[in-house]
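For the sequence shown, the positions run 9 to 299 when the numbering used here is used.
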Amino acid sequence: MLTLVHASDVHFGAPHDPRAAEAFLRAASRVAADAVVVSGDFTQRAKVHEYRAAAAFLKLLPPVPRVVTPGNHDVPLYRVWERLTAPFRNYREFIADELDSVTRIPGCTLVSLNTAAPYSAIVNGSLSRRQLEFASDAFRASPESDLRVVVAHHQLAPPPDYHGGQAMPHARRHLADLERMEVDVVLGGHLHRAYIGNSLDVIAGEDRGHPVVIVQSGTTSSSRGRARERLRCSFNVVRVDAETIEVVHHHYDRGDDDFHPTGVHVFPRRPRRALPAEAATRMLDSLQGLE
Ligand SMILES: [Fe+2]
Ligand SMILES: [Fe+2]
């Protein structure tokens with residue numbers, strides 16, 4: 009059994025909710041996690057004091073590998089000169105030096121891809137051809153039996169009710185590429201609401217290959233829950249064995265100051281297929297088409 013804790017959008021700064029953050033730390037310590045993922049928006053305005061608090065928070069997480077990625081709030085929005093010249097300086101100093109990274113734990117390869125695009129699509133995010141090649145190379149070097157996970161801040165599937173956010177630009181094309189890489193799970197945030205997506209539901213076509221389960225976390229510790237999660241905080245626990253991928257949403261109850269399971273989604277774990285040469289060529293062709 010492999011277990012991942014997935015939090016997001018902790019937003020140190022004005023909207024941060026310290027009670028929810030402390031409750032999350034207690035809840036995370038009760039899960040025998042193999043890794044903890046925090047999928048971006050560590051701060052509200054990318055300020056040094058916000059990053060210091062976020063770094064202190066990360067140190068209090070269970071002592072297992074931590075997998076992180078920047079969010080759009082982790083680059084300065086209003087300090088335009090800094091955004092243009094050194095957008096990730098504070099993130100790199102306090103959270104992680106690498107913006108795209110690979111974490112390998114027994115039974116699982118996690119690839120973090122930075123979707124915060126400070127020069128262009130600062131709100132909707134973006135992925136480049138180079139980043140998808142980086143992911144493809146990392147998964148190609150993984151054991152066949154590994155769960156393949158991508159961590160990206162911006163959503164690759166819209167919320168089920170389409171309220172409040174479209175998917176990242178070129179999301180369908182990116183998902184098709186991730187299907188061909190036989191990625192099992194994408195962990196993301198940004199919209200401040202927990203939901204599940206599936207590449208089979210958001211890309212047209214028959215029997216394209218490997219479905220990608222898209223797991224979104226709401227904001228784990230801020231007052232900025234959106235849509236049906238207004239003022240609500242959440243995180244996910246993902247448990248995987250040889251046959252199933254189980255995702256459990258947990259939401260914060262301010263009354264008893266604790267997180268509780270609120271929804272369970274179970275998916276069959278698909279066998280990994282050897283990629284035929286023709287499909288590998290198609291994937292490379294698709295990557296060539298990216299800007
Ligand atoms: Fe956020
Ligand atoms: Fe965000």
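We treat Cβ as the ideally placed atom computed from N, Cα and C, and that holds for glycine. All figures in this text were calculated on a predicted structure; none of them were measured in a lab.
{"Check": "Per DSSP, what kind of secondary structure is residue 98 in: helix, strand or coil?", "Outcome": "helix"}
{"Check": "Mapping DSSP to helix, strand and coil, what is residue 9?", "Outcome": "coil"}
{"Check": "Near residue 68, what residues of its chain come up, given a Cβ to Cβ distance below 7 Å and the 5 sequence neighbours on each side ignored?", "Outcome": "33"}
{"Check": "Alpha carbon to alpha carbon, how far is residue 27 from residue 139? Give it in angstroms, no decimals.", "Outcome": "36 Å"}
{"Check": "What are the complete beta strand (DSSP E) segments, minimum 3 residues, inside the stretch 104 to 157?", "Outcome": "109 to 113, 116 to 120"}
{"Check": "Measuring straight from C-alpha to C-alpha, what distance separates residue 35 and residue 267?", "Outcome": "7 Å"}
{"Check": "How is residue 166 classed by DSSP in three states: helix, strand or coil?", "Outcome": "coil"}
{"Check": "The beta strand (DSSP E) that contains residue 259, what's its start and end?", "Outcome": "252 to 261"}
{"Check": "So which residues touch the region around ligand 1, with touch meaning a C-beta under 7 Å from any heavy atom?", "Outcome": "17, 19, 49, 79, 81, 197, 198, 200, 227, 232"}
{"Check": "Starting from residue 36 and walking both ways along the alpha helix (DSSP H), at which residues does that stretch end?", "Outcome": "26 to 38"}
{"Check": "How many whole angstroms separate the CB atoms of residue 257 and residue 202, which I take to be in contact at a CB cut-off of 8 Å?", "Outcome": "5 Å"}
{"Check": "Hey, quick one: how far does the beta strand (DSSP E) through residue 203 stretch, first residue to last?", "Outcome": "203 to 206"}
{"Check": "Would you call the stretch 75 to 86 in contact with the stretch 47 to 62, where contact means no fewer than 3 C-beta pairs closer than 8 Å?", "Outcome": "yes"}
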